[in-house]
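For the protein sequence lines, the chains are D and R, in the order given. Under the working numbering, the letters of the first sequence match residues 824 to 1171, in that order. Under the working numbering, the letters of the second sequence match residues 38 to 396, in that order. Glycine is no exception: its CB is placed at the ideal position from the N, C-alpha and C atoms. Every value quoted in this text rests on a predicted model; they were computed, and no experiment measured them. As structure tokens, the structure follows; a few thoughts come after it.
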Amino acid sequence: MSDQRRISAASGAPLLRVRGVSVTYGVQRSIADMLARRPGGGIVALDDVDLDVDAGEIVAVVGESGSGKTTLARVITGLIKAESGVVEVEGEGPNDWRSVGMVFQDPYETLDPKRTLGEFVAEGLEAQGLPMDRIDASLEAAELRPASAYRDRVPEELSGGQRQRAVIAGALALNPKLVIADEPVSMLDVSMRAQILALIERLRREQGIAWLFITHDLSLAWAISDRVVVLYLGAVLEEGTAEQVLRNPSHPYTRALLAALPSTDPRAAGTHSLAAGEIPQGAAPSGCRFRNRCAHAVEACASARPPLEAAPSGAAGHRVACFRAAELPAAASVARHAPGGATPPGGA
Amino acid sequence: MSGAANHNDARSLPAGANAAAPLLEIRDLRVSFSLEDGRRLTAVDGINLSVSPGEAIGIAGESGSGKSTAASAIMGLLPLNGRIDSGSIRYRGLDLVAEGAPLRRTRWREIAVVFQGSLVALNPVIKVRDQVAEAIELRLGEPANAAREKAKRLLADVGIPDKRLEAYPHQLSGGQRQRAMLAVALSCSPAVLIGDEPTTALDVIVQAQILELLDRMRHEYGLGLILITHDLAVIADMCDRVAIMYGGRIVESGSVREVFTNPRHPYTQALLGAAPDARAGRRTIKVLEGQPPDLASLPPGCHFAPRCPLADARCTEEDPPTVSYEDRVTLACHRYEPNGGALPAPVAAPYPVLELGKR
Chain D
824 MSDQRRISAA SGAPLLRVRG VSVTYGVQRS IADMLARRPG GGIVALDDVD
874 LDVDAGEIVA VVGESGSGKT TLARVITGLI KAESGVVEVE GEGPNDWRSV
924 GMVFQDPYET LDPKRTLGEF VAEGLEAQGL PMDRIDASLE AAELRPASAY
974 RDRVPEELSG GQRQRAVIAG ALALNPKLVI ADEPVSMLDV SMRAQILALI
1024 ERLRREQGIA WLFITHDLSL AWAISDRVVV LYLGAVLEEG TAEQVLRNPS
1074 HPYTRALLAA LPSTDPRAAG THSLAAGEIP QGAAPSGCRF RNRCAHAVEA
1124 CASARPPLEA APSGAAGHRV ACFRAAELPA AASVARHAPG GATPPGGA
Chain R
38 MSGAANHNDA RSLPAGANAA APLLEIRDLR VSFSLEDGRR LTAVDGINLS
88 VSPGEAIGIA GESGSGKSTA ASAIMGLLPL NGRIDSGSIR YRGLDLVAEG
138 APLRRTRWRE IAVVFQGSLV ALNPVIKVRD QVAEAIELRL GEPANAAREK
188 AKRLLADVGI PDKRLEAYPH QLSGGQRQRA MLAVALSCSP AVLIGDEPTT
238 ALDVIVQAQI LELLDRMRHE YGLGLILITH DLAVIADMCD RVAIMYGGRI
288 VESGSVREVF TNPRHPYTQA LLGAAPDARA GRRTIKVLEG QPPDLASLPP
338 GCHFAPRCPL ADARCTEEDP PTVSYEDRVT LACHRYEPNG GALPAPVAAP
388 YPVLELGKR
């Protein structure tokens, strides 16, 4: 993948390197399949995904439910084993990582309701053989200040935002170079979200922590990330800088995501559903995964998977998997003056 | 749709209602809950709101703002420990709060609701078409065959294809379930539709599809729409007027254009500025410190004062009165003088501004 980017990254190898990762769920056959001697219908959750995160970089993976974004987070953090492909941090496999933290959508996936925040952070330190004097500093780095006011509290005594800070404190205690954050703010009120975004940005600036920020929210991706990777049915459809992907989107799917986004800005008002139906629940269609919802699909889109290639923008690192990308009208006209979207009847 | 044109003509109003009275009018509504420890918590603290046919009103706020409680009160669906302490909810002049009010008659038939989690609102063991048909049979007393025909038409109208009519709710996608919920809500031809976070659980493209559908239904059926959401952008997209709630009170209300272009209340400014906006290309966000209010221990005076950069001593002592300006905007904020009713210039609250994306 991205030869251009690897050349441009001065230090050579990226901090996180994902190559050709594939995961299939549900390969067991039903009794009916067995009687009919049919193969089982496995659902491909990730299909040959490449991804890089450089030191100190914030990369957003955006996708709808069913895109495979959470599977990707779980593969990278070692919670799910990929069938094929490589995941490396600083050139090491998952068993040798000391420098990867995790933050999930629901703080209770990480926090034990019966343990104090001090005990929670200590547990991680102990597991890694790190000194216990880091507890207070970690809590304060996650803006739970003063640490003495939080150390002895249990999760129930905290607000949702504070619980997510506690999870981040647990990650920070281990001195991470990279934090995988899966929808870290989507359960929070909007004012709490802004506080956590500010914290993530500050930790990157001051401690050089890289983040893989997984979200369904394009606006969050736009605001927080250097680069954006658009995932759909387990594959990358578009990637590039936040400016490239979200200000000058090439893929019809990225454009549909953006056009569907409501805005409080009167200049951008009016949402449109440019794509028909919903993300399929079962197997991806042949050829381009997006073709059965795409307004621009032609016959060729059904016959082969479009490869991820340089986008028509020509900008370094901007890549798109669409046979028709070069023929489509400029993105700005799509995002701003889309005709009243045709509401597709029914779903997928 | 053919049924839409005569939708309102065919309406027979419940006894005591008056076709000339406003569609829905809420005055000084107060709702409280009893807590296990015996205390009472005021969730809705004297709100005023009205909706006309064909009009869409947005109610926005974060957790603890009271926006969903207000919806439950209007629907007569408050939990057992909740009660309406005072105020009125009038449907075409008929007070739904007064003793002996025909709530069973108005609920669903005059005022219907679509909730966020349609999987819990739909019965999991009944096919979609039967659920809509049952609602029609039960609430309108129509014969089974006619109800099933009507259900089929309604489901087609909300975009459920014929081949999905016999599906169970779990066999439908999230968007299809929300469409089916909308069919159930519209089955008795209500005049008012309340959407309580109706698209919050949906992906953004499906959300746009459902919002387009809601907008079409509102115009075709002349519905008064009340849209309750934490997402101001959805309100900007869908509504004519907006009410911003904080700690059980409406702190600012007015036309969407006026309130979103010239937000005056410091909380409205924070809420509008707190979310980045990929559509508009805005990365700067205003950071509102502190926590949403705890309704069980609200501060005296203005509930927002502890988080407000403009607050002074008066704000922490006296409740700010709600002042109406030029019939366009209402504000509950000590920073704005009554001004003889003339709309005041906005005062910018100095929130810390975070410039994301500056590398």
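Distance from the CA of V195/R to the CA of V279/R, rounded to the nearest whole angstrom, comes to 26 Å.
Of the other Cβ atoms in all chains shown, 16 or more fall within 10 Å of the Cβ of L1026/D; this residue is therefore buried.
Of all C-beta pairs linking the stretch 987–1007 of chain D to the stretch 1031–1050 of chain D, three or more are shorter than 8 Å, placing the two stretches in contact. The beta-carbon of Q1018/D is placed less than 8 Å from the nearest beta-carbon of chain R. Between the stretch 278–295 of chain R and the stretch 1049–1066 of chain D, the count of C-beta pairs closer than 8 Å stays below three; the two stretches do not touch. Assigned with DSSP and collapsed to three states, K164/R falls in coil, not helix or strand. Nearest to R286/R by alpha-carbon distance, out of G83/R, R64/R, R76/R and A54/R, is G83/R. Not a single CB atom of chain R sits nearer than 8 Å to the CB of Q951/D.
Residues of chain D with a Cβ closer than 8 Å to the Cβ of Q168/R do not exist; the shortest Cβ-Cβ separation is about 17 Å. Assignment of T321/R by DSSP, reduced to helix, strand and coil, places it in the strand class. Looking only at T143/R, A170/R, R120/R and L72/R, the smallest Cα-Cα distance to L50/R is reached by T143/R. Straight through space, the alpha carbons of L1011/D and T900/D are spaced by roughly 23 Å.
For H1095/D, the chain R residues whose C-beta falls within less than 7 Å of its own C-beta are A245, listed in chain order. In the same chain as E174/R, and ignoring 5 residues on each side of it, the C-beta atoms closer than 8 Å to its own belong to P180, A181 and A184, in chain order.
By the Cβ test, the stretch 114–131 of chain R is not in contact with the stretch 204–213 of chain R, since fewer than three Cβ pairs between them sit closer than 8 Å. In terms of CA proximity to L953/D, S922/D leads the group S922/D, K937/D and E913/D. Inter-segment contact for the stretch 253–260 of chain R and the stretch 238–245 of chain R is absent: fewer than three beta-carbon pairs are separated by less than 8 Å. Residue burial annotation: E289/R is buried, with at least 16 other C-beta atoms found within 10 angstroms of its C-beta.
In the DSSP annotation of this structure, D65/R is not part of any alpha helix (DSSP H); the continuous beta strand (DSSP E) holding it starts and ends at L61 to S71. Pairing P381/R with Y362/R gives a Cβ-Cβ distance under 8 Å.
Minimum Cα-Cα distance from Q244/R among the listed residues A989/D, T1094/D and P1089/D corresponds to T1094/D. For T1064/D, the enclosing beta strand (DSSP E) has its first and last residue at A1058 to T1064. Within the stretch 1036–1049 of chain D, those residues whose Cβ lies closer than 9 Å to any Cβ of chain R are, in chain order, H1039, D1040, L1041, S1042, L1043, A1044, W1045, A1046, I1047, S1048 and D1049. Less than 8 Å separates the beta-carbon of I231/R from that of A108/R. For N998/D, the secondary structure class from DSSP, reduced to helix, strand or coil, is coil. At a cut-off of 8 Å, the C-beta of Q987/D has no neighbouring C-beta in chain R. A check of alpha carbon separations from D1088/D across R301/R, A307/R, R294/R and Y304/R identifies R294/R as the nearest. For the options A1091/D, V926/D, L1151/D and V944/D, the alpha carbon positioned closest to that of L962/D is the one of V944/D. With a cut-off of 8 Å on Cβ pairs, the stretch 928–938 of chain D is not in contact with the stretch 906–913 of chain D, counting fewer than three such pairs. Look at the stretch 873–902 of chain D: the residues with a C-beta under 8 Å from a C-beta of chain R are E887 and S888. Under the criterion of beta carbons closer than 8 Å, Q951/D and L895/D do not qualify as touching, at roughly 24 Å. Residues P1135 of the same chain have their beta carbon placed closer than 8 Å to that of A1149/D, with the five preceding and five following residues left out of the count. Chain-order list of chain D residues neighbouring V324/R: S1014, A1017, Q1018, L1020 and A1021, by C-beta distance under 9 Å. For I242/R, the closest Cβ of chain D is nearer than 8 Å. Taking S890/D as reference, the option from G879/D, E949/D and T847/D with the minimal CA-CA separation is T847/D. Within the stretch 864–920 of chain D, the runs of alpha helix (DSSP H) that reach at least 4 residues and sit entirely inside it are, in chain order, 892–899.
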